[in-house]
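Numbering that gives the first Met the number 0 numbers the first residue of the sequence shown as 0 and each following residue consecutively. The beta-carbon is built from N, C-alpha and C at its ideal position, and this holds for glycine as well. Predicted model only: the values in this text are computed from it and were never measured.
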Amino acid sequence: MTDKNCVFCKIANGEIPSEKVYEDEKMLVFKDIEPKAKVHLLAIAKTHFKLLSDADECGMENIKYMLAKIPQIAVANGCKNGYRLIINQGDDAGQTVFHLHIHILGGEVLPW
Ligand code: 5GP
Ligand code: ZN
């Protein structure tokens, strides 16, 4: 379940380099290439799907798994005082990479 044209699948399989901060058999967390906050990480599942609405049962299990792991990963990477999670969905949200990902933003007081 990978897409050969997907940037994040390429990051997951090592074809494109990234600054990884966490990896296991199901998920990968790496630094955003254009950080919008002092800490800006992206969490992805290793299986490819574009949107929440495309997630099958396995996809939903992966999302649940990532949400359970993110708190410890965020704190370990400089978000001890809180952080914001964002999942952009589609064009109006400004989604540019269509492999579901969770932005983790923090390391400072964030403007709304
Ligand atoms: P979206 O706008 O789709 O929610 O977020 C996509 C994010 O991926 C953007 O914040 C963008 O900076 C980041 N991004 C796009 N291409 C790459 C890449 O090749 N490497 C890394 N580390 N981040 C990327
Ligand atoms: Zn992908």
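Classify residue i as buried or exposed, calling it buried when 16 or more other Cβ atoms lie within 10 Å of its own Cβ.
i   : result
S17 : buried
M0  : exposed
Should residue i and residue j be called a contact, given that it needs their Cβ atoms to be closer than 8 Å?
i    : j    : result
L104 : K30  : no
K9   : L27  : no
A42  : H100 : yes
I86  : V20  : no
At a cut-off of 7 Å, is residue i close to ligand 2 when judged by its beta-carbon and the heavy atoms of the ligand?
i   : result
T95 : no
D90 : no
F29 : no
Would DSSP call residue i helix, strand or coil?
i    : result
V156 : Past the edges of the chain, shown from 0 to 111, lies residue 156, and the structure says nothing about it.
I15  : coil
M26  : strand
A54  : coil
I69  : helix
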